[in-house]
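Residue numbers (the working numbering): -2 to 143. Right, one structure below, let's go through it.
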């Protein structure tokens, strides 16, 4: 069996790189994807933002950490990591008791679409962060849960 996901979006914040005990580099960053359309019933424009948490490994992790920054436009290809209990996105509980979801991708390939120093059309809102494993705080619809 095979699965592949491709997304194009903008980084919600600067990448975070760390090294595993064996010296392997791993970089994580969040990507916002936007979709716009006009609601046929009201004629009003509608915008939908989906957030993805991306993990990149080895040399590509070092390159992503070096060249990407908040607002950078990227294309990510990889595999979607599913929750073993639900078969869908990872589920977590916010401090206010509501359920949040986390779409997580392990990247096979990251393509930089912005020139170095050029910010993309990031419109995902002000990201304040939090930690999904720690339960996070109350999240706005356009904030990332990690």
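Glycine included, every Cβ here is placed at the ideal spot set by N, Cα and C. Being a predicted model, the structure only gives us computed values, none of them experimental.
Check                                                                                                                                            : Outcome
Which residues bound the beta strand (DSSP E) around residue 16?                                                                                 : 13 to 16
When you compare the CB positions of residue 27 and residue 9, do they come within less than 7 Å of one another, or not?                         : yes
Assign residue 1 to one of three DSSP states: helix, strand, or coil.                                                                            : coil
Among residues of its own chain, excluding the 5 on either side of residue 15, which ones have a beta-carbon nearer than 7 Å to its beta-carbon? : 23
Under 8 Å by Cβ, that's how I've got residue 109 and residue 66 pegged, so tell me the actual separation to the nearest angstrom.                : So it is not a contact: roughly 11 Å between Cβ atoms.
Going by C-alpha distance, which of 55, 44, 38 is nearest residue 18?                                                                            : 55
Which same chain residues, not among the five before or five after residue 104, have their C-beta less than 6 Å away from its C-beta?            : 51, 53, 73, 75
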